[in-house]
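First to last, the protein sequences are chains A, B and C.
FYI, in my numbering the residues of the first sequence are 4 to 320.
FYI, in my numbering the residues of the second sequence are 269 to 600.
FYI, in my numbering the residues of the third sequence are -12 to 275.
Ideal Cβ positions, reconstructed from N, Cα and C, are used throughout, including at glycine.
Quantities reported herein were computed from a predicted structural model and do not represent experimental measurements.
Beneath this line is the structure, given in structure tokens, with notes to follow.
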Amino acid sequence: MLTPAFVGRRLLGLVVTLLVASVVIFGSLYLSPGDPAALLAGGSTPNPEALAQIRADFHLNDPFWSQYWHWLSGLLQGDLGRSVVFRSDVVDLLASRVVTSLMLVVYAATLIIVIGVGLGSLAALRGGRISTAVTVVTTIGMAAPTFVAAIVFVWLFSTQLGWFPIYGSGSGLVDRLWHLTLPAVALSLTWIAYVSRITRSAVSAELESEHVVTATSRGLPRRSIVRHHVMRNAAAPVLTISGLTVAGLFAGTAVAEQAFGVNGIGALLIDCAAKQDLAVVQVIAMFMVAAFVVINTVVDVISAALDPRLVASAVDA
Amino acid sequence: MTSPLLEIDRLRVRLPVNGAHRTVLHEVSLSVAAGEAVGLVGESGSGKSMTARAVMRLLPPRAEVSGDIRFAGASVPEMGAADLRRLRADDVAMIFQDPRAHINPVHSIGDFLTESLRLNGKVTRSAATARVVALLKEVGISDAERRLRQHPHELSGGLLQRVMIAAALVAEPRLILADEPTTALDVTTQEEVMAILDELRRDRGLAMLFITHDLELAAAVCDRIGVMYAGSIVEDRDARELHERSGHPYTVGLLGARPDLLGDRAPLVAVPGRPLSAYEVGDGCAFRTRCELAQPRCGDDVPQLREIAGGSVACHFAEQVLDSRKVVLPHD
Amino acid sequence: MSAAQLAARGRPDVIRRAASIGPLYVFCGVVCLALIVVAVVGPWIAPHDPTRTDVIEVFAGSSPTHLLGTDDTGRDILSRLIVGTRVSLAGPALVVLLSTVLGVAVAVTAAWLGGWVDAALSRVVDILFAFPGLILAVVAVALFGTGFVSPVVALSIAYVPVVARVLRSAAIKERNLPYIAALRVQGASGWSICFKHLVPNLMPLVVAQAAVSFGYAMLDLAAISYLGLGIQPPSPDWGVMVAEGQPSIINGYPQQSLYAGLLVVVAVVAFNLVGERVAQRFETAGAR
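Spelled out as structure tokens, the structure:
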């Protein structure tokens, strides 16, 4: 049973991890040997007045912890700071892009979970030729990194087939989804293969488990054995792996968006990194790390709700 | 004589191992009458568990099975899916050795116990729960309502095995297959659990096929004993007559091999040598490599089960064994 | 003796061993070896200067002079792939080396000292897990600029938690073995026990972990290069070549991107399969 103590511990761990991560990300400003003000100016060498302005804007003359507190409380209140390179508030840079990236992640996550879990379960439950076919498909999928899948898609669909738009983000919900199809597929291919392999082995292990022999010996209908004893028991490990995969997708958007010219936060992150716009990079990095940690925590808690043994072992530990 | 409830007739089973098929049961014939308890005794690997699984058709998918198994006259190997499910759901129940592995860890005890009633018997959850609570009290679990809400990892092995016994009884079967039901438990719990199983079986007049490596235990709770060695039954005899009239050297060895807990200070005589697996048996008698009486004849000629002194024995020299027990059993 | 048996006898030992490994792994092993050789001798065997442009021969198709054709500025694609091999393999090799050294240091320190040091290091490792390699690399590039070094160092740090976690539990098991206690009783110092006994005994696991990491590091670095955050053009690098060729795909000249992308996939798959095979061998060796 899910105890408040278990959930509380996970939440505490989440907050601690996020706090430490935020110190690391903010503190990275001081890892670089140069002048932080010059760094925030994007590596260029602006005139002294401009540098003084940046120092004032970013409170660079304050002690470190005061600066950090200013930055963190700003983040929590929706004041994400200002990009010197783009001469714009970071909030404005992110506003429209976050929605696009979220759509891309949700799209890819849906593909990963539906197709990955579907193929894996099918292979495990049916076996034989279907299993072999799934092995072949997943082997190819595992070997298709996002950027290579992307150029193959661009080539296939731009010059050969022309079914999907190759670049851009589109407008309106349906058109945007249409534009996001190829990026989502390119982003999800490897992970579909990965999740389907994990699912297949989890479901196979449950199918051969002794408690399924018991269920069979009691004359239960095959359908309910598969549902209540095989799939239900495989759910926790499959969910954990899927969650880890989906949590990592935010970082993966960088490649998919860049490859297909999608205007999301991933592409912005790369652009800002190349231009050394640290103010924006810090915010996006923090956002991606937070998304990763939050999704993982949620998945941990759901897995524990699905498998009571996990709570017991966590409490013992 | 009326036809028995369970009749295993020249059962032969081969299992796929690394591509090749290996024989695990050579020729097993055994019957259990209604209300009768039959012990199937042998060392590990002798095929006793396989025999029980074959009765429920729980062997691996590519197993080759020949011979026949009849339950109340109906051939189990020939049953269609619906009849097979009815057999498993209503007529035969199995108790497994390791309850921790054999009870689904993610569902509550209540779900596990009521599941078959709800799905097979179409009983409502509340009615099923009421029946299950009564049964749990019978197997000696007093705070049944609380236990129903717990999960398997919160219960001890002994309690879990009682739950397993309750689960077997809940469908009111006619035959129970108990596969080493106390082996995974610690010694004190073993006796309690065995006593509960024995009592409930007798009260209900159920038939039981009791699988164990412990000949004395089997003799104590069963009416008749089948002794298995390397995939074959070598002796089949009334449990009360076993000590005086066993006719197979292996049975005699097993009787001597059991440590006597009553402090009789009898020397512990194990059966010397390594037990053979069924697939290792070539021509001749499987036991000859460990047998003191082995003669050249035992290497060529497979002894068949034959009627001797009220039981059946598969040994060429059964008469001599019966006559000269003193030679083999030093403390006799 | 049959002809087949005779033939088997006559076969050199290498071939017999290869047959027991399986043709797929042998093929992958050959690919890996070939790539390593090309990485070393690449500049001398490239048929053309990889940076020499030729305005007349842009987007040339396959021909005896340009086996894989030329790119948008008339540079020979094959030569660029060959010369780019060195940097494409050196990056992952450095990542594996650095992350292994750091990971072993963290794991052995945590396992040996135990107590609050172990707790603190484990916590750091947990938090580091929350940083995907790509994010660390991007932050590093934002701080120190693009190039070969920033992504390699950032990825090395990102790979430390994986190495450290696996090795820490193995190191703890090893530390609790009786022979370590015996060495302590004999008065051996912690340093000498760690370096002469603990680390050498962990080596099979270390090698296994490193072998598996190589393919992943290669993939991550290629993606970073593709994003334009790693090696900068005109230096040839596979990831960079995929990106450079992309605009030409729409004009009907996909060869540069496709060949470079294919090479990345082949190399990653080959190193991954060989790595996993090596890992299996070493893990069973370590288990003994």
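Closer than 8 Å to chain C by CB, residue i
{"i": "phenylalanine 290(A)", "result": "no"}
{"i": "alanine 189(A)", "result": "no"}
{"i": "threonine 162(A)", "result": "yes"}
{"i": "leucine 97(A)", "result": "no"}
{"i": "threonine 135(A)", "result": "no"}
{"i": "phenylalanine 150(A)", "result": "yes"}
{"i": "valine 108(A)", "result": "no"}
{"i": "isoleucine 195(A)", "result": "no"}
As assigned by DSSP and simplified to three states, the class of residue i
{"i": "alanine 307(A)", "result": "helix"}
{"i": "proline 517(B)", "result": "helix"}
{"i": "alanine 331(B)", "result": "coil"}
{"i": "isoleucine 43(C)", "result": "coil"}
{"i": "aspartate 178(A)", "result": "helix"}
{"i": "proline 7(A)", "result": "helix"}
{"i": "glycine 48(C)", "result": "coil"}
{"i": "leucine 250(C)", "result": "helix"}
{"i": "isoleucine 444(B)", "result": "strand"}
{"i": "arginine 90(A)", "result": "coil"}
{"i": "isoleucine 576(B)", "result": "strand"}
{"i": "aspartate 504(B)", "result": "strand"}
{"i": "glycine 524(B)", "result": "helix"}
{"i": "aspartate 532(B)", "result": "Legend: pLDDT at aspartate 532(B) = 47, less than 50; position of this residue unreliable, no value from coordinates given."}
{"i": "phenylalanine 585(B)", "result": "coil"}
Beta carbon proximity, residue i to chain A, threshold 8 Å
{"i": "leucine 371(B)", "result": "The question names leucine, yet the displayed sequence has isoleucine at residue 371(B). Chain A, which has a Cβ nearer than 8 Å to the Cβ of isoleucine 371(B), makes this yes."}
{"i": "asparagine 388(B)", "result": "yes"}
{"i": "phenylalanine 201(C)", "result": "no"}
{"i": "leucine 142(C)", "result": "no"}
{"i": "aspartate 506(B)", "result": "no"}
{"i": "proline 119(C)", "result": "yes"}
{"i": "glycine 239(C)", "result": "yes"}
{"i": "alanine 350(B)", "result": "no"}
{"i": "methionine 362(B)", "result": "yes"}
Cβ-Cβ distance between residue i and residue j below 8 Å
{"i": "leucine 76(C)", "j": "tyrosine 246(C)", "result": "no"}
{"i": "phenylalanine 61(A)", "j": "leucine 83(A)", "result": "no"}
{"i": "glycine 71(C)", "j": "proline 223(C)", "result": "yes"}
{"i": "aspartate 447(B)", "j": "methionine 362(B)", "result": "yes"}
{"i": "arginine 513(B)", "j": "alanine 586(B)", "result": "no"}
{"i": "glycine 222(A)", "j": "arginine 565(B)", "result": "no"}
{"i": "leucine 327(B)", "j": "alanine 301(B)", "result": "no"}
{"i": "isoleucine 493(B)", "j": "glycine 408(B)", "result": "no"}
{"i": "leucine 22(C)", "j": "alanine 254(C)", "result": "yes"}
{"i": "valine 125(C)", "j": "alanine 282(A)", "result": "no"}
{"i": "asparagine 388(B)", "j": "phenylalanine 380(B)", "result": "no"}
{"i": "threonine 142(A)", "j": "leucine 190(A)", "result": "no"}
Below-8 Å beta-carbon distance, residue i vs any chain B residue
{"i": "valine 216(A)", "result": "yes"}
{"i": "aspartate 310(A)", "result": "yes"}
(request) Could you name each continuous beta strand (DSSP E) segment of 3 residues or more that falls completely within the stretch 32 to 65 of chain A, going from the start of the chain to the end? (result) none
(message) Ignoring anything shorter than 3 residues, give me the beta strand (DSSP E) runs that lie fully in the stretch 271 to 344 of chain B, in order along the chain.
(response) 274 to 285, 288 to 300, 305 to 309 and 332 to 339
(request) With a floor of 4 residues, list each alpha helix (DSSP H) that falls wholly inside the stretch 62 to 136 of chain C, ordered by position along the chain. (result) 64 to 100, 102 to 116 and 120 to 131
(request) Mind checking the stretch 220 to 243 of chain A against chain B and listing, in chain order, the residues whose C-beta falls within less than 7 Å of any C-beta there? (result) Ser220, Arg221, Gly222, Leu223, Pro224, Ser227, His232, Arg235 and Asn236
(request) Report the residues of the stretch 241 to 270 of chain C with a CB closer than 9 Å to any CB of chain A, ordered along the chain. (result) Pro241, Ser244, Leu245, Ala247, Gly248, Leu249, Val251, Val252, Val253, Val255, Val256 and Asn259
(message) By the 9 Å beta-carbon criterion, what residues does the stretch 8 to 31 of chain A contribute toward chain C?
(response) Gly16, Val19, Thr20, Leu21, Val23, Ala24, Val27, Ile28 and Ser31
(message) Residues of the stretch 250 to 272 of chain A in Cβ contact with chain C at a cutoff of 7 Å, in chain order, please.
(response) Gly251, Ala254, Ala257, Val258, Gln261 and Leu272
(request) With 7 Å as the C-beta to C-beta threshold (strictly closer), list the residues of the stretch 391 to 420 of chain B near chain A in chain order. (result) His419
(request) Taking only beta carbons into account, state which residues of the stretch 211 to 224 of chain C come closer than 8 Å to chain A, listed in chain order. (result) Tyr213, Leu214, Gly215 and Leu216
(request) Would you list, in chain order, the members of the stretch 547 to 576 of chain B that have their beta-carbon closer than 9 Å to a beta-carbon of chain A? (result) none
(request) Closer than 8 Å, Cβ to Cβ, to anything on chain C: give me those residues from the stretch 277 to 288 of chain A, in chain order. (result) Ala277, Gln279, Asp280, Leu281, Val284, Gln285 and Ala288
(request) Closer than 7 Å, Cβ to Cβ, to anything on chain A: give me those residues from the stretch 425 to 437 of chain B, in chain order. (result) none
(message) To be precise: take each residue of the stretch 468 to 498 of chain B, compare its Cβ to all Cβ atoms of chain A, and keep it if any distance is under 7 Å. Which residues remain?
(response) none
(message) Closer than 8 Å between beta carbons: that is the criterion. Which residues of the stretch 310 to 327 of chain B meet it against chain A?
(response) Met324 and Leu326
(request) Using a Cβ-Cβ cut-off of less than 9 Å, give me the residues of the stretch 285 to 297 of chain B that come near chain A, in sequence order. (result) none
(message) For the stretch 326 to 346 of chain B, list every residue whose C-beta sits within 8 Å of some C-beta in chain A, in sequence order.
(response) Leu326
(request) Using a Cβ-Cβ cut-off of less than 9 Å, list which residues of the stretch 178 to 190 of chain C approach chain A; keep chain order. (result) none
(request) Could I get the ranges of all uninterrupted alpha helix (DSSP H) runs contained in the stretch 166 to 226 of chain C, with 4 residues as the minimum, in chain order? (result) 177 to 180 and 186 to 213
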